[in-house]
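Top line first, the protein sequences correspond to chains A and B. Letter by letter, the first sequence follows residues 210 to 349 in the numbering used here. Letter by letter, the second sequence follows residues 45 to 346 in the numbering used here. Just so you know, even glycine gets a beta-carbon here, dropped at the ideal spot from N, CA and C. Below is one structure, written out as structure tokens; comments come after it.
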Amino acid sequence: MATVAVVKATVDDALSFAYEAALPYHKQYAFRKDAWGGDLGVNDRQVVTAQLFKGNQYWFVLGSDVKTAVVSVHLYDEEGKLAETESWQKPNDKKHFSAAGAYIVPKNTGTYFAIVQIHQSPEERTHWALVYGYKDKVKK
Amino acid sequence: MKINFNFNRFSLKCCSLQPATCFLLLFLASLATLLAAPLPEPISTTTPANQTATQQASSPPASLNLAAFPADSVEDVVVPVPSEIFSVLDKLGNPNWKAQLRVNKTHTPEERSQIALLLGSVIAEGFVAVEAEDAERVKDLGRDVLSLAEAVNVRKSVIARSKSIIQKADTRDWRGVRTEFDGARNDVQAAMDEMNDRNLAQLVSLGGWLRGTDVLTSIVDANYTSDGAELLHQPELVRYFKRSINGMSPRLRKNTLVLRIDKVLDQITPIIEEKNHVITREKIQKIHSLTSEIVSLINTTS
Numbered sequence: 210m211a212t213v214a215v216v217k218a219t220v221d222d223a224l225s226f227a228y229e230a231a232l233p234y235h236k237q238y239a240f241r242k243d244a245w246g247g248d249l250g251v252n253d254r255q256v257v258t259a260q261l262f263k264g265n266q267y268w269f270v271l272g273s274d275v276k277t278a279v280v281s282v283h284l285y286d287e288e289g290k291l292a293e294t295e296s297w298q299k300p301n302d303k304k305h306f307s308a309a310g311a312y313i314v315p316k317n318t319g320t321y322f323a324i325v326q327i328h329q330s331p332e333e334r335t336h337w338a339l340v341y342g343y344k345d346k347v348k349k
Numbered sequence: 045m046k047i048n049f050n051f052n053r054f055s056l057k058c059c060s061l062q063p064a065t066c067f068l069l070l071f072l073a074s075l076a077t078l079l080a081a082p083l084p085e086p087i088s089t090t091t092p093a094n095q096t097a098t099q100q101a102s103s104p105p106a107s108l109n110l111a112a113f114p115a116d117s118v119e120d121v122v123v124p125v126p127s128e129i130f131s132v133l134d135k136l137g138n139p140n141w142k143a144q145l146r147v148n149k150t151h152t153p154e155e156r157s158q159i160a161l162l163l164g165s166v167i168a169e170g171f172v173a174v175e176a177e178d179a180e181r182v183k184d185l186g187r188d189v190l191s192l193a194e195a196v197n198v199r200k201s202v203i204a205r206s207k208s209i210i211q212k213a214d215t216r217d218w219r220g221v222r223t224e225f226d227g228a229r230n231d232v233q234a235a236m237d238e239m240n241d242r243n244l245a246q247l248v249s250l251g252g253w254l255r256g257t258d259v260l261t262s263i264v265d266a267n268y269t270s271d272g273a274e275l276l277h278q279p280e281l282v283r284y285f286k287r288s289i290n291g292m293s294p295r296l297r298k299n300t301l302v303l304r305i306d307k308v309l310d311q312i313t314p315i316i317e318e319k320n321h322v323i324t325r326e327k328i329q330k331i332h333s334l335t336s337e338i339v340s341l342i343n344t345t346s
């Protein structure tokens, strides 16, 4: 498993919130147990590299424990072109966390880059965690 | 009168009023509070699926210079689980998953490096068994995960997962079984990381990827299409595995099996890096031959 930063206790809350923010997609998407996280200053960015497959669909969901932070995640292809189909940010939407998401239907199989950014935050360093899910077959 | 939202205290304070009046006062107070609360500053809005009240920080740039990011962050790759690919294969055709199952009994090797590779391979096998909907095989593999984890002192981390795999296989909850296999892999690797054995954790990923690629190439070869072949376009992933091996301890890099895998990756790299994304059937067969041989070696105990 590759991790941008090992998920430590300091980003545990951010991780829980990322999974919570991903709940609307759980019926159709299998969210990986791997997570990526760390802390960033305002306007700092971090890259997560992912191998995605044409024919599948993915949601990347970012969570932060700083409820008033404005965070974003966007997806780029290997040429650095914006590749996502849609994205959202929800600062202050819930009382306890901020979150963002990006959805992609890859046009090609290959390497994609998730760019995580902290746009606004009252904290010097903002903890974040990123999870992703792929479209799962729903059969029992 | 000060309105308190604790209903019990509120009831005591306005007990002289009619209940309907109390509720009306409470409702008006709640409304006033909501109207007075500052709303988040809207920046721009979009309407994504399943979401409401969404805000967007700013429009993302249409393109990025990825070279501007620190190399170490760009070089770290998320390793996919087999079912991310298998679900695409299901859409492309009707693969014979039962034919892909390895029927050999899992024996525990002596070397920790081989155990880690085998753990990854067995977990990947679990995903194949789920596709084949073979409950008995899934249960065997769930038990194998536990035995192999025990041999590298990370048994505790997967006891619950192993039990859950068996229970969910019994109820044919295939989605649940997939989740548990992914969880078992994650828990084993986290336990290895905690023991400062990152190399071992990387070998688990490598073993899983090799078995997954072995199955993928077999299925694509059986029913060749360019879409199926494109699933092999994984250049960054192979580079990541190469870097992982190069970063391992000198003792591990000299390990016979690791050396062999390193050579296989060298042979695979030019094939999957082809820029036009079309990997011919002959090349698929070549990758299959290489990965299949390595998976057999991983599963062999001397």
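Taking the alpha-carbon positions, what's the D153/A to Y238/A distance? Chain A is shown only over 210 to 349; residue 153/A falls outside these bounds and no answer can be derived.
For L303/B, three-class secondary structure by DSSP: Helix, per DSSP.
Residues of its chain near S127/B, where Cβ-Cβ distance is below 6 Å and the 5 sequence neighbours each way are ignored: F171, R222
Taking the continuous alpha helix (DSSP H) assigned at Y284/B, which residues delimit it? Per DSSP, Y284/B belongs to the alpha helix (DSSP H) from 279-290.
Neighbourhood of Q95/B by C-beta, 7 Å cutoff - its chain only, sequence neighbours within 5 removed: No answer about Q95/B holds up, because its pLDDT of 41 lies below 50 and its placement is not dependable.
If the cut-off is 7 Å on Cβ atoms, which residues from the stretch 240-251 of chain A count as contacting chain B, listed in chain order? Hits within the stretch, in order: R241, K242, D243.
In chain A, which residues lie with their C-beta within 8 Å of the C-beta of K135/B? G264
How many Å lie between W218/B and V174/B at the Cα? 6 Å
Do you know offhand how far F225/B's Cα is from S107/B's? 37 Å
Return the chain-ordered ranges of every alpha helix (DSSP H) run that is complete within the stretch 193-240 of chain B and spans a minimum of 4 residues. 203-214, 218-238
Other residues of its chain near S293/B: CB distance less than 7 Å, five sequence neighbours each side excluded: The answer, listed in chain order, is N243.
Which residues of the stretch 266-287 of chain A have a Cβ closer than 7 Å to any Cβ of chain B? Give them in chain order. V279, S281, H283, Y285
Per-residue contacts from V310/B into chain A (C-beta, under 7 Å): It should be pointed out that residue 310/B corresponds to Asp in this sequence rather than to Val. Residues of chain A passing the Cβ test: none, with the nearest at roughly 19 Å.
Taking a contact to mean a Cβ-Cβ separation below 7 Å, would you say T306/B touches I289/B in this structure? Contrary to the premise, residue 306/B reads as Asp rather than Thr in this sequence. Yes, the Cβ-Cβ distance between D306/B and I289/B is below 7 Å.
Three-state secondary structure (DSSP) of I327/A: strand
Of the residues H151/B, N230/B, D178/B, which one's Cα is nearest the Cα of A195/B? H151/B
Just the chain C side, please: which residues come within less than 8 Å of V121/B by C-beta, in chain order? Looking at the structure shown, chain C is missing, and the protein chains on hand are A and B.
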